[in-house]
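To start, the structure under review is shown below, and the notes come after it.
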Amino acid sequence: MKALLLRSPGEFSCTEVPSPQEKKGERVLKVASCAICRTDAKICRDGHRDLVLPRIPGHEFCVFDEAKKKLYAVWPGGACGTCESCLGGAENLCPEMRICGFHRDGGFAEYVSVPEKSLIPAPGSMPQSLVCLAEPLACVLNALSKADIKSRETLIVGAGPLGLMAAVAVRTLGGKALLLENNPEKVHKCAAFCEAAKINMTREVPRGGFQVSINAASGITPLSSALGALRPRGSFIFFSGLGGGDSVPAKLFNDFHYRELNLIGAYGCTRAGMEEALQILSSEPSLFSLLIEKKIALEELPDLIPELFTGMNFKIIVEF
Numbered sequence: 023m024k025a026l027l028l029r030s031p032g033e034f035s036c037t038e039v040p041s042p043q044e045k046k047g048e049r050v051l052k053v054a055s056c057a058i059c060r061t062d063a064k065i066c067r068d069g070h071r072d073l074v075l076p077r078i079p080g081h082e083f084c085v086f087d088e089a090k091k092k093l094y095a096v097w098p099g100g101a102c103g104t105c106e107s108c109l110g111g112a113e114n115l116c117p118e119m120r121i122c123g124f125h126r127d128g129g130f131a132e133y134v135s136v137p138e139k140s141l142i143p144a145p146g147s148m149p150q151s152l153v154c155l156a157e158p159l160a161c162v163l164n165a166l167s168k169a170d171i172k173s174r175e176t177l178i179v180g181a182g183p184l185g186l187m188a189a190v191a192v193r194t195l196g197g198k199a200l201l202l203e204n205n206p207e208k209v210h211k212c213a214a215f216c217e218a219a220k221i222n223m224t225r226e227v228p229r230g231g232f233q234v235s236i237n238a239a240s241g242i243t244p245l246s247s248a249l250g251a252l253r254p255r256g257s258f259i260f261f262s263g264l265g266g267g268d269s270v271p272a273k274l275f276n277d278f279h280y281r282e283l284n285l286i287g288a289y290g291c292t293r294a295g296m297e298e299a300l301q302i303l304s305s306e307p308s309l310f311s312l313l314i315e316k317k318i319a320l321e322e323l324p325d326l327i328p329e330l331f332t333g334m335n336f337k338i339i340v341e342f
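Here the sequence shown is numbered in my numbering, starting from 23 and rising by one per residue.
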């Protein structure tokens, strides 16, 4: 079968690889679509702490059961189900976690083997390209679930796909959202989505009035903006991780001390979160379709990966 094979950081290509063999508790199914995440690009260029090589990347994907003619979203995690985290509903923090595209092969291939318990039926006639968005939206929902969003004002820093999803999710959860983006090109690019979703956006960093903020873009500048916008005893959701070369100034840490801010970590998503994400996506398909920039063939993917580091893309979908 055809797949994107990552041999080592910086060494990847589309090539023929053996088809996966079915194992106990797993299904080998045809990949329908796989969305490209900036993390996929980072994995291909720099590697990742969870990456086991060689590897077929791709963790935002859906599969098609050719026998049953049914489409499934795939929760990319594989948890033990018996540890304290799993039993407490936080299987995304399972110490035995094995993630598609990191520890095991993912969705940039014609076929993939996935745990049967990771399969989530897609609602009705939901387009397969939208089913791929369930994983990133579920990550957003996981992050927002850790703060009291309802009836509160939340600042979302960064107007990429995750930031836009976060703004819609805040609204869905009964809160008020303001999106901060100071890149003129990105402001222009997301204008249609913001208008359709009735999302308010600003290019000026607000100071000191928000109860909740979240960084939906990586780097010290978005982090600093998110913290500076909080009122005393506000809550910062640390959603987008920093790069290995980023150094956090002491002043940012001291803000937590002097203003009694709350730091909330958020990582990955749960199966239940993906089920909730699918319901949200299926309720507004025309809106979320605006986040899909283009659909490509697998063979186009290697040449596209460097472009993802510009941070200017919406969602690009590999279709099989």
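Each residue gets a CB set at the ideal place from its N, CA and C atoms; glycine is no exception.
Shown here, N284 sits in a strand according to DSSP, grouped into three states. Around the CB of Y94, 16 or more other CB atoms lie within 10 Å, so the residue is classed as buried. Secondary structure of G185 (DSSP, three-state): helix. K273 counts as exposed, since fewer than 16 other beta carbons sit within 10 angstroms of its beta carbon. DSSP places C66 in no beta strand (DSSP E) but in the uninterrupted alpha helix (DSSP H) bounded by R60 to D68.
Bridge partners of F83 according to DSSP: C56.
Nearest in C-alpha terms to A144, of all of A191, F83, V162 and E132, is F83.
Sorting P254, C108, I121 and D268 by C-alpha distance to the C-alpha of P244 places D268 at the top.
When C-beta atoms of the stretch 51-63 are compared with those of the stretch 74-88, three or more pairs fall below 8 Å, so the two segments count as touching. The beta carbon of S304 sits closer than 6 Å to those of P145 and M148, all from its chain and outside the five residues before and after it, given in chain order. Between P324 and S35, the gap from beta carbon to beta carbon is short of 8 Å. In this structure, the straight-line span from the alpha carbon of L283 to that of G128 is close to 38 Å. Between A63 and F331, the C-beta spacing is below 8 Å.
Taking a C-beta distance under 8 Å as the contact criterion, L166 and A188 qualify as a contact pair. Within the model, the alpha-carbon separation for P228 versus I286 is close to 20 Å. Counting only runs of at least 3 residues, the stretch 135-212 fully encloses the following beta strand (DSSP E) elements, listed from N- to C-terminal order: 141-143, 175-179 and 198-202. Using a C-beta cut-off of 8 Å, the stretch 310-325 makes no contact with the stretch 43-50, since fewer than three inter-stretch Cβ pairs fall below that distance. Nearest Cα to F232 within the set K92, A239, G250 and T194: G250.
DSSP places S304 within a helical segment (H, G or I) once states are collapsed to three.
Counting other Cβ atoms within 10 Å of its Cβ, F275 stays below 16 and is therefore classed as exposed.
The three-state reading of DSSP puts P254 in strand, counting E and B together.
If you ignore the 5 residues before and after I242, its C-beta comes within less than 6 Å of the C-beta of D268, all in its own chain and listed in chain order. N237 is bridged by DSSP to V179.
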